[in-house]
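Those sequence lines, one after another, are chains R and E. For what it's worth, our numbering labels the leading residue of the first sequence as 31, then goes sequentially. For what it's worth, our numbering labels the leading residue of the second sequence as 31, then goes sequentially.
Number of protein chains: 2
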Amino acid sequence: MKKISESAVRRLSLYQRLLQEADAAGSETISSGELAERGGTTSAQVRKDLSLFGSFGKRGMGYSVQELLGRIRSILGLTRSWRVALVGAGKLGSALFSYRDFEARGFRICAVFDADPDKVGTPLGDLTIQADEEMDATLREREVEIAIVAVPAEAAQQVVDRVVKAGVRAVLNFAPVRLRVPRGVTLRNVDVTLELEGLSFALSTR
Amino acid sequence: MKKISESAVRRLSLYQRLLQEADAAGSETISSGELAERGGTTSAQVRKDLSLFGSFGKRGMGYSVQELLGRIRSILGLTRSWRVALVGAGKLGSALFSYRDFEARGFRICAVFDADPDKVGTPLGDLTIQADEEMDATLREREVEIAIVAVPAEAAQQVVDRVVKAGVRAVLNFAPVRLRVPRGVTLRNVDVTLELEGLSFALSTR
DNA sequence: CCTATCTTGTGAATTCATTCACAAGCGGGG
DNA sequence: CCCCGCTTGTGAATGAATTCACAAGATAGG
Chain R
31 MKKISESAVR RLSLYQRLLQ EADAAGSETI SSGELAERGG TTSAQVRKDL SLFGSFGKRG
91 MGYSVQELLG RIRSILGLTR SWRVALVGAG KLGSALFSYR DFEARGFRIC AVFDADPDKV
151 GTPLGDLTIQ ADEEMDATLR EREVEIAIVA VPAEAAQQVV DRVVKAGVRA VLNFAPVRLR
211 VPRGVTLRNV DVTLELEGLS FALSTR
Chain E
31 MKKISESAVR RLSLYQRLLQ EADAAGSETI SSGELAERGG TTSAQVRKDL SLFGSFGKRG
91 MGYSVQELLG RIRSILGLTR SWRVALVGAG KLGSALFSYR DFEARGFRIC AVFDADPDKV
151 GTPLGDLTIQ ADEEMDATLR EREVEIAIVA VPAEAAQQVV DRVVKAGVRA VLNFAPVRLR
211 VPRGVTLRNV DVTLELEGLS FALSTR
């Protein structure tokens with residue numbers, strides 16, 4: 031299988047969302063041009079992206095919204111649900127926890143950890159905040175596949191080492207540090223400060 | 031001036047952080063190789079990135095940490111502070127509000143808005159949550175330059191239209207939608223669901 | 001059945017980004 | 001003062017991503 035670039039995956043994810051919207055709006059079919067228009071890209075880009083995985087359209091007609099949605103969901107691995115652990119139950123962690131959209135999209139948070147002894151034992155939704163020490167056992171027991179790291183920068187590397195040791199192979203990191211993960215573990219970063227600095231740069235250069 | 035790619039700006043922002051760490055650790059100088067090592071890139075990449083803006087190093091010696099830090103901060107526009115408005119004071123908005131790191135990095139939140147009448151008037155830090163109707167006047171009055179949009183997807187386009195009309199030229203959007211902004215306005219998106227879906231894809235393909 | 005009109009899928013061309021590779025500087029040690 | 005080891009800065013080469021452009025398939029209407 032050829033290599034799929036991260037930006038292509040991002041766009042697929044976006045198309046998926048656009049298709050859901052089109053579906054909700056009652057559209058039966060959609061063309062690469064319409065998808066491009068709504069997604070802020072070009073029709074050639076849309077077709078090229080899709081062609082990496084097969085040919086799903088009908089010439090002259092476009093794509094069946096329902097079918098393409100199913101195909102993309104299947105490509106992205108969204109036809110099943112994923113078990114997610116949240117590490118760090120501070121302000122950001124709590125906000126992420128109560129973001130219902132994750133659940134709706136198949137990402138089920140099934141464990142929450144925090145290093146603060148005062149927080150350990152506190153209920154959060156239908157879960158209870160657990161101590162970091164319980165991480166290894168709980169992650170294995172609940173077969174957690176994805177970890178969301180929402181701890182201070184200083185603690186993040188240690189946390190990621192732990193979750194990786196417990197078998198987690200995908201990490202979404204919110205701490206403003208460059209984490210090291212072994213080969214075979216996928217890491218994505220959400221770095222808000224870095225985005226703000228990008229805006230600062232854009233505002234400064236003109 | 032040549033065009034600077036978004037990824038180059040991201041890396042500059044990263045170098046800046048690495049330099050701050052090196053500075054805190056007492057390093058006087060640093061080589062492109064060390065920066066690359068810590069930033070997960072290559073020394074050639076580091077030098078190329080920096081060469082877009084000038085030549086800041088000494089051959090044989092590397093870069094003065096202090097000086098390079100200053101140069102990059104100046105390039106990124108971080109030698110001044112920016113006035114930021116937060117739109118949406120829900121869980122995520124509140125979490126972002128109390129993230130002290132923004133303040134420390136020169137992004138000062140100086141206005142908070144929410145559409146919920148129950149929240150309007152509530153104090154948040156040393157600010158008071160204001161109604162959306164007051165946005166235009168307040169943004170202009172306080173000369174807000176950056177808006178952080180942390181509202182539900184349905185409301186985001188309307189919010190961004192408003193803040194743009196009030197003179198804001200940079201937007202950081204957390205809502206899972208593709209927003210339209212006029213030419214001259216810079217938009218960055220933080221889309222957590224999309225990142226999770228990227229992890230799902232990675233886990234699925236092996 | 002034939003034509004006019006759309007829109008896909010995809011090689012080829014182009015643009016953009018990264019990596020290579022090396023001449024040119026710089027400083028320290030003898 | 002001169003050589004040696006190190007590291008920068010940058011053209012050239014390579015590699016990756018995007019855009020172009022068009023043959024081929026599909027439908028609708030007459």
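The beta carbon of each residue, even a glycine, is placed where N, CA and C say it ideally should be.
Given a cut-off of 8 Å on the beta-carbon distance, is the pair residue i and residue j in contact?
i, j, result
"Leu108 (chain E)", "Gly90 (chain E)", "no"
"Leu209 (chain R)", "Val220 (chain R)", "no"
"Leu229 (chain R)", "Arg218 (chain E)", "yes"
"Ala205 (chain E)", "Ala186 (chain E)", "yes"
"Asp166 (chain R)", "Lys195 (chain R)", "yes"
"Leu122 (chain R)", "Ala180 (chain R)", "yes"
"Thr59 (chain E)", "Gly84 (chain E)", "no"
"Arg77 (chain E)", "Ser62 (chain E)", "yes"
"Leu157 (chain R)", "Val198 (chain R)", "no"
"Leu99 (chain E)", "Gly69 (chain E)", "no"
"Phe86 (chain R)", "Arg101 (chain R)", "yes"
"Asp53 (chain R)", "Gln96 (chain R)", "yes"
"Ala183 (chain E)", "Val211 (chain E)", "no"
For residue i, tell me which candidate among the options has the shortest Cα-Cα distance.
i, options, result
"Glu225 (chain E)", "R:Lys33, R:Val39, R:Ile34, R:Met165", "R:Val39"
"Tyr45 (chain E)", "E:Val193, E:Tyr129, E:Thr72", "E:Thr72"
"Phe5 (chain E)", "E:Glu173, E:Leu80, E:Arg113", "With chain E covering 31 to 236 only, the question about residue 5 (chain E) has no answer from this structure."
"Val193 (chain E)", "E:Arg236, E:Thr152, E:Val142, E:Asp156", "E:Val142"
"Leu65 (chain E)", "E:Gly84, E:Gly155, E:Ser43, E:Phe83", "E:Ser43"
"Gly118 (chain R)", "E:Val117, E:Glu36, E:Ala125, E:Glu97", "E:Ala125"
"Thr4 (chain E)", "R:Val174, R:Leu49, R:Glu97, R:Leu106", "Beyond the ends of chain E as shown, which are 31 and 236, falls residue 4 (chain E); an answer cannot be given."
"Leu154 (chain R)", "R:Ile139, R:Glu173, R:Ile102", "R:Ile139"
"Gln188 (chain E)", "E:Val174, E:Glu163, E:Glu175", "E:Glu163"
"Thr223 (chain R)", "E:Gly56, E:Glu67, E:Ala134", "E:Ala134"
"Arg172 (chain E)", "E:Glu227, E:Val150, E:Ala115, E:Thr152", "E:Ala115"
"Lys103 (chain R)", "R:Asp146, R:Val150, R:Gln50", "The displayed chain sequence assigns Arg, not Lys, to residue 103 (chain R). For the residues R:Asp146, R:Val150, R:Gln50, the minimum Cα distance to Arg103 (chain R) belongs to R:Gln50."
"Gly120 (chain R)", "R:Asp144, R:Arg110, R:Arg101", "R:Asp144"
"Ser35 (chain E)", "E:Glu97, E:Val211, E:Val150, E:Asp79", "E:Asp79"
"Glu227 (chain R)", "E:Val190, E:Glu175, E:Ala183", "E:Glu175"
"Phe127 (chain R)", "R:Ile159, R:Val150, R:Gly151", "R:Ile159"
"Ser94 (chain E)", "E:Thr216, E:Gly56, E:Leu82, E:Gln75", "E:Gly56"
"Lys32 (chain E)", "E:Glu67, E:Leu82, E:Ala74", "E:Leu82"
Quick one: what does DSSP say residue i is sitting in, helix, strand or coil?
i, result
"Arg92 (chain R)", "Checking the displayed sequence, the identity of residue 92 (chain R) turns out to be Gly instead of Arg. It is a strand residue."
"Ser82 (chain E)", "In the sequence as presented, Ser is not what sits at residue 82 (chain E); that position holds Leu. Three-state result, Leu82 (chain E): coil."
"Ala52 (chain R)", "helix"
"Val198 (chain E)", "coil"
"Arg208 (chain R)", "coil"
"Arg218 (chain E)", "strand"
"Ile102 (chain E)", "helix"
"Ala125 (chain E)", "helix"
"Arg41 (chain R)", "helix"
"Ala115 (chain R)", "strand"
"Val138 (chain R)", "Per the sequence shown, residue 138 (chain R) should be read as Arg rather than Val. Strand."
"Thr223 (chain R)", "helix"
Nearer than 7 Å: is that true of the beta carbon of residue i relative to any heavy atom of the ligand MN?
i, result
"Val179 (chain R)", "For the structure depicted, the ligand MN is absent and the ligand set is empty, with no information on it obtainable."
**alpha helix (DSSP H) runs wholly inside the region 147 to 194 of chain R, at least 4 long, in chain order** = Listed in chain order, they are 165 to 171.
**Asked** Taking any Cβ of chain R, which residues in the region 208 to 219 of chain E have a Cβ under 7 Å from it, in chain order?
**Response** Only Arg208, Thr216, Arg218 from the region 208 to 219 of chain E bring a Cβ to less than 7 Å from some Cβ of chain R.
**Request:** Residues of the region 173 to 188 of chain R with a CB closer than 7 Å to any CB of chain E: list them in chain order, please.
**Result:** Cβ contacts with chain E: Glu175, Ile176.
**Item:** Residues in the region 82 to 110 of chain E having any Cβ partner in chain R nearer than 8 Å
**Value:** Under the 8 Å Cβ criterion, the region 82 to 110 of chain E contributes Ile105, Leu106, Gly107, Leu108.
**Asked** Between the region 136 to 155 of chain R and chain E, which residues of the former have a C-beta closer than 7 Å to a C-beta of the latter?
**Response** Residues Phe137.
**Asked** Going along the chain, which residues of the region 70 to 82 of chain R sit with their C-beta nearer than 8 Å to a C-beta in chain E?
**Response** In summary, the residues of the region 70 to 82 of chain R whose CB is separated from some CB of chain E by less than 8 Å are Gly70, in the order they occur in the chain.
**Prompt:** Listed from N- to C-terminal order along the chain, which residues in the region 159 to 170 of chain R have their beta-carbon within a distance smaller than 9 Å of any beta-carbon of chain E?
**Reply:** If you check each beta-carbon in the region 159 to 170 of chain R against every beta-carbon of chain E, none falls closer than 9 Å.
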